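Visitor: Below is the structure I would like to discuss, written out as structure tokens.
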Amino acid sequence: MTLLPEAAPDPSCYSSVVNDWICVDYFRDRSDDLTTATAQHLSITISAVLLGLVLAIPLAVLARRSQRLEGWVLGLSTGLYTIPSLALFPLLVPFTGITATTVIVGLALYSLTILVRNTLAGLRAVPAEVRESAVGNGYGPTRLLLKIELPLALPVVMAGLRVATVSTVALTTVGTLVAYGGLGNLLADGVKNSFKAEIFAASLLCVLLALVLDVLLVVVQRVLTPWARAR
Amino acid sequence: MIGDAFGYLLDGANWSGTGGMLAQLSQQLLLTVTALGLACVIGLPVALWLGHLGRGGFLAVNVSNVGRAVPTYAVLVLLSVGPLGAEEFGPFGRAGLATLIALVLFALPPIITNAYVGIREVDKDIVEASMGMGMRGREVFRRVELPLAMPVIVTGVRLALVQVWATATIAALVAGPGLGNVIVAGFFNGNYGKGLAGAIVVAVMALVLEGGAALAERWSDPVGRSKRSRKVTVSSQPDEVREATADQLVR
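Chains as they are written, first to last, in the numbering used here: chain P, 499 to 729; chain W, 16 to 266.
In structure tokens:
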């Protein structure tokens, strides 16, 4: 029996000998890793939600215009959500390759489910009288949409945006399949090496990121819709 | 790459055997059904009872919001590296127990929220009418609230099914069982055709499950069903209740 020479008098709490779940030293010593992963996570999430929003608004407007398109748009965006993320990313790889784009496009497609639905609900909730008086005041269809309908739909759209953002933060982790998972990459590394501090830190940051973005969106909504605050 | 994928799918050898896709598929189905069943057994009675009493709404509704913010993958990793992961667990293999627990956890929020909301949203006039006719609380629940809430409850179970199937696929990232293994093995070894083939099978199966669940949902709606077939099947309900239901739908 050989006694291992002690490497350090006091092994750090994230060394493989101790392997604590919660380890403050880890946050300090590996802050570079954590910052890089969080930054990637954030950029993927934001790009995906923005892309989703850019796609969702025209789709919802189209669905609002035609009954037949509405069935197609809603059916397609809901059907996409059925496909597990671990399967959707591979299905996109032939088109976008092993890049961050694959993850962004996949997550944007998922966010469509909630964004299209909410934008449509918001547009529907615009009272017919308001629309008629706008038309009576000489608003054309484009100006009506941009100046009247979309602003009034904003609270419902923002509610959808919050849900979509929070779930996108959570789903981004699966992007580690194509090596672009933000904090998910740390999770994958942690499970490979049974590195508990890394797993805990990545999970915690993920939930925190979702909370922070959610709060931020609430603030944005309050700024954008001052009239809703009066009530 | 797409050609490789179909080549992989068409080769019978990839489907048979212990690690074959057929075995993985049946394992994942077994896991999905078990988890969904467990989640229903755990979640439904509590949520239905709370809905009937009209209490605990804050919890029942917010459980979904919290569930959304917590990444499935992180929970799987936490559970599998934790004390549960390395065990052999019956037909589910290594990391099976961790996977099963994660699946049940992720099936619970939609089941609980929808069951609670479904019962709460039954028209109060109908509930009052049935109590006025002398039904007791338990009878009101069984013969009025439950049938009328059924479509919403079943929608919750359907959402849970989609969620469980997706999570069971992700389980492969922590060496859990299921078709996700084909995808992960393909991708991490640079065999993209294989990964794509696995993804196609998972996606098709997801759509099949969703379609089946949608049919079950249609069938579960007592009002819609009695409308479709003129042979009225809700005869166990008093006439007043049935009329009130139709009225509620029109509104």
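Glycine residues also receive a C-beta, built at the ideal position from the N, C-alpha and C atoms. All of these numbers come straight from a predicted model, not from anything done at the bench.
Under three-state DSSP, which class holds S514/P?
Guide: coil
Visitor: To the nearest angstrom, report how far apart I198/W and Q43/W are at their CA atoms.
Guide: 13 Å
Visitor: What three-state label does DSSP hand R615/P in the structure shown?
Guide: helix
Visitor: Closer than 8 Å is the cut-off here; do at least three beta carbon pairs connect the stretch 699-712 of chain P with the stretch 663-680 of chain P?
Guide: For the pair of segments examined, the stretch 699-712 of chain P was found to touch the stretch 663-680 of chain P: the number of CB pairs separated by less than 8 Å reaches three.
Visitor: Is it the case that the Cβ atoms of S575/P and L557/P are separated by a distance below 9 Å?
Guide: yes
Visitor: Quick one: Cα of A187/W to Cα of L584/P, how far?
Guide: 9 Å
Visitor: Answer with buried or exposed for A231/W, where buried requires no fewer than 16 other C-beta atoms within 10 angstroms of its C-beta.
Guide: The residue in question, A231/W, is exposed, as its Cβ has fewer than 16 Cβ neighbours within 10 Å.
Visitor: What residues of chain P sit near A181/W, judged by a beta carbon separation below 7 Å?
Guide: P582 and S583
Visitor: Given A623/P, which residues of its chain have a CB within under 8 Å of its CB, disregarding the five upstream and five downstream residues?
Guide: L650, A651 and V654
Visitor: Check the C-beta distance from V155/W over to S145/W and give it rounded, since I have them as a contact under 8 Å.
Guide: 5 Å
Visitor: What does the alpha-carbon distance come out to for the pair A38/W and L548/P?
Guide: 40 Å
Visitor: Do Y23/W and G208/W come within 9 Å of each other at the CB atom, strictly closer than that value?
Guide: yes
Visitor: Throw me the rounded Cβ distance for the L605/P and V92/W pair, which I believe falls under 8 Å.
Guide: L605/P to V92/W, Cβ: 19 Å. No contact.
Visitor: Take A214/W and list the residues in its own chain whose beta-carbon comes closer than 6 Å to its own, dropping the five residues that flank it on each side.
Guide: I198
Visitor: Confirm, please, whether the CB-CB distance from V571/P to A561/P is below 9 Å.
Guide: Yes.
Visitor: Going by DSSP, what residue range makes up the alpha helix (DSSP H) through W570/P?
Guide: First-last of the alpha helix (DSSP H) with W570/P: Q565 to T580.
Visitor: Using 10 angstroms around the beta-carbon of S31/W, count the other beta-carbons present and answer buried if the total reaches 16, otherwise exposed.
Guide: exposed
Visitor: For M150/W, name the three-state secondary structure that DSSP assigns.
Guide: The answer is coil: DSSP assigns M150/W none of H, G, I, E or B.
Visitor: Check this for me: beta carbons of S235/W and I168/W, under 9 Å apart or not?
Guide: A Cβ-Cβ contact shorter than 9 Å links S235/W with I168/W.
Visitor: In its own chain, which residues sit with a C-beta less than 7 Å from the C-beta of G267/W, not counting the 5 before and 5 after it?
Guide: Not covered by the structure: residue 267/W. The range shown for chain W is 16 to 266.
Visitor: Compute the minimum distance between the beta carbon of G604/P and the heavy atoms of the ligand MN, and state whether it is under 8 Å.
Guide: Absent from the structure shown: the ligand MN. Ligands present: none.
Visitor: Could you pull out every residue in the same chain whose Cβ sits closer than 7 Å to the Cβ of I602/P, ignoring the five residues on either side in sequence?
Guide: I542, S545, A546 and L549
Visitor: Looking at C-alpha atoms only, which residue of D523/P, V614/P, D527/P and T536/P is the closest neighbour of L567/P?
Guide: V614/P
Visitor: Under 7 Å Cβ to Cβ from N196/W, same chain only, skipping five residues before and after it: list those, please.
Guide: Q39 and A187
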